[in-house]
Amino acid sequence: MVEFPSLSPYWPLIRFLVPLAITNVAIDLGEQALNRGIATVKEDAVEMLASYGLAYSLMKFFTGPMSDFKNVGLVFVNSRRDRRKAVFCMVTAGAIAFVLHILIAYTDLGYYIINKLHHVDESVGHKTRKAFLYLAAFPLLDAMAWIHAGILLKHKYSVIVGSASISDVVAQIVFVAILLHSNLECVEPLLIPILSLYMGALVRFSIVGLGYYCNIHDNIPDSSGLDVGGDATIKKMLSFWWPLALILATQRISRPIVNLFVSRDLKGTSDATEAVAVLTATYPVGHMPYGWLTELRAVYPAFDKNNPSNKLNAGSPVTKSNIKRFTFCCLALSLTLCFVVFWTPHVSEKILVDVIGVEYTFAELCVVPLRIFSFFPLPVTVRAHLTGWLMTLKKTFVLAPSSVLRIIVLITSLVVLPYMGVHGATLGVGSLLAGFIGESTMVAIAACYVYRQQKNSEMSNELVVEGEDSAPMSEVCSRTQMDAIEELQEEEEEQE
């Protein structure tokens, strides 16, 4: 008689990931609400959508690296002193981003980046710089929310994090609806999505901040003990963070690069404005079925027993094999969603018309780019799973080359594909896919390198053990032995 493995080890994983997946989907829904706020404007809707899309994608380049400080909170923040250091880093980064926003909005630097590089007309360029100025304070507010979200995840309060993101989206939708009935539509339509974005972020920050103070602040020590390696230094935090920040910065700058090349390829004509508008509309819709897979990288730090910063009890039923199987199931679910939504006739068009509020003829232009998004889950899952494993080892530095390769592949595709007859939004999304594949391939190579180092280290430690029967073991050796014991236990559990 066939015995099915117990599903009990997967419930903690499901309870942990579902709120985070909701968080990711909620962010995409929020973007849809903001886009709808522009699409319903009676005059110059496509031009306004293109202007806001350019400004928003540039702003995401600044907020992207700071949002990865969530992982610093997840791995490093064990005390109130650690939190203060993390917050100081975020305030400094937010101030730098604020200054850069002002420079781009008011100086020739912004005119060159937006008007000249993107080959947009004077009207679109002016509106884009104005939107970028309005977004200047958003990176700081967003960063403060993310660092507290990471601390909450460390203590398994993923429900609070998910609730905060849902509340963010609800606030955005509510304020878009309210502002659409105000005179802003006539005075300054760009402020409709931007003010809604700020209100949503403020709600999210308030919830995660209150969640931290009510559940964690009084329950963690003022200073970390030696059992967790003592207080984390700013240098250690930055050393852990900068490769992740570099990767996310390249991910976020990919959209402005794509907008730039797509616009220049069409010579700044009305077709270029339309193509950028199509990209702005398809990014959140295409990202929704697979974007939540990125949150899989938080699973290893939260559940892997070998992470010294992880305070899980020894009786946790989750094993490495459970995590791998769970990851595969998530990949299968995402692929199914993508092909059902984007390849079933008229489904994607209906989503764009009903949710964003665009015209049906405009929605038809988005069909092919959305179908290309169906192939994104595989490289995203590989990248997320291996990144999470490397985070538990605090060896994120090996991930840095993947960001370089991503940009190289992306730009190469954007240059080469037009010669093959690919233009417009299809060119942009196809090049993004090529960049994702290149990045995930490099992450896999980096993971193989670290795994090989570990195996060589294990062989060296075995030789030391044979020569020192009663000698005390070092921390590295102890962790190696525990790895071997746990792997044997996992194999026994699987055989049972």
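Residue numbers (this note's numbering): 3 to 498. Each residue gets a CB set at the ideal place from its N, CA and C atoms; glycine is no exception.
For residue i, name the three-state secondary structure that DSSP assigns.
{"i": "residue 267", "result": "helix"}
{"i": "residue 433", "result": "helix"}
{"i": "residue 222", "result": "coil"}
{"i": "residue 305", "result": "helix"}
{"i": "residue 190", "result": "coil"}
{"i": "residue 132", "result": "helix"}
{"i": "residue 367", "result": "coil"}
{"i": "residue 9", "result": "coil"}
{"i": "residue 423", "result": "coil"}
{"i": "residue 457", "result": "helix"}
{"i": "residue 234", "result": "coil"}
{"i": "residue 185", "result": "coil"}
{"i": "residue 476", "result": "Legend: pLDDT at residue 476 = 46, less than 50; position of this residue unreliable, no value from coordinates given."}
{"i": "residue 354", "result": "helix"}
{"i": "residue 250", "result": "helix"}
{"i": "residue 137", "result": "coil"}
Could you spell out the range, first to last residue, of the alpha helix (DSSP H) harbouring residue i?
{"i": "residue 341", "result": "322 to 345"}
{"i": "residue 73", "result": "71 to 77"}
{"i": "residue 205", "result": "193 to 217"}
{"i": "residue 400", "result": "Neither: residue 400 is in no alpha helix (DSSP H) and is coded neither H nor E."}
{"i": "residue 361", "result": "Neither: residue 361 is in no alpha helix (DSSP H) and is coded neither H nor E."}
{"i": "residue 116", "result": "Per DSSP, residue 116 belongs to no alpha helix (DSSP H) and is neither H nor E."}
{"i": "residue 394", "result": "379 to 394"}
{"i": "residue 292", "result": "272 to 293"}
{"i": "residue 156", "result": "140 to 156"}
{"i": "residue 163", "result": "160 to 182"}
{"i": "residue 375", "result": "Careful: residue 375 lies outside any alpha helix (DSSP H) and carries neither H nor E."}
{"i": "residue 84", "result": "82 to 108"}
{"i": "residue 297", "result": "First-last for residue 297: undefined, no H or E at that position."}
Can you tell me the Cβ-Cβ gap for residue i and residue j, rounded? I've got them flagged as a contact below 8 Å.
{"i": "residue 154", "j": "residue 214", "result": "6 Å"}
{"i": "residue 148", "j": "residue 68", "result": "7 Å"}
{"i": "residue 252", "j": "residue 408", "result": "5 Å"}
{"i": "residue 333", "j": "residue 380", "result": "7 Å"}
{"i": "residue 440", "j": "residue 417", "result": "Actually they are not in contact, since the Cβ atoms of residue 440 and residue 417 sit about 15 Å apart, beyond 8 Å."}
{"i": "residue 258", "j": "residue 63", "result": "6 Å"}
Quick test of the definition: if touching needs 3 or more C-beta pairs under 8 Å, does the region 396 to 403 touch the region 353 to 372?
no
Tell me, please, whether the region 124 to 133 touches the region 50 to 65 by the rule of three or more beta-carbon pairs shorter than 8 Å.
yes
Would you check if the region 155 to 169 and the region 197 to 215 touch, i.e. whether three or more CB-CB distances between them fall below 8 Å?
yes
Taking one C-beta from the region 167 to 179 and one from the region 94 to 111 each time, how about it: are there three or more such pairs within less than 8 Å?
Counting Cβ pairs under 8 Å, fewer than three are found: no touch.
Contact between the region 170 to 182 and the region 234 to 249 (3+ Cβ pairs under 8 Å)
no
Is the number of C-beta pairs between the region 280 to 288 and the region 427 to 436 that are closer than 8 Å three or more?
yes
So, does the region 264 to 277 touch the region 420 to 427, judging by three or more C-beta pairs under 8 Å?
yes
Would you check if there are 3 or more beta carbon pairs closer than 8 Å linking the region 138 to 148 to the region 285 to 304?
no
Does the count of Cβ pairs from the region 95 to 102 and the region 16 to 29 closer than 8 Å reach three?
Segments in contact, no.
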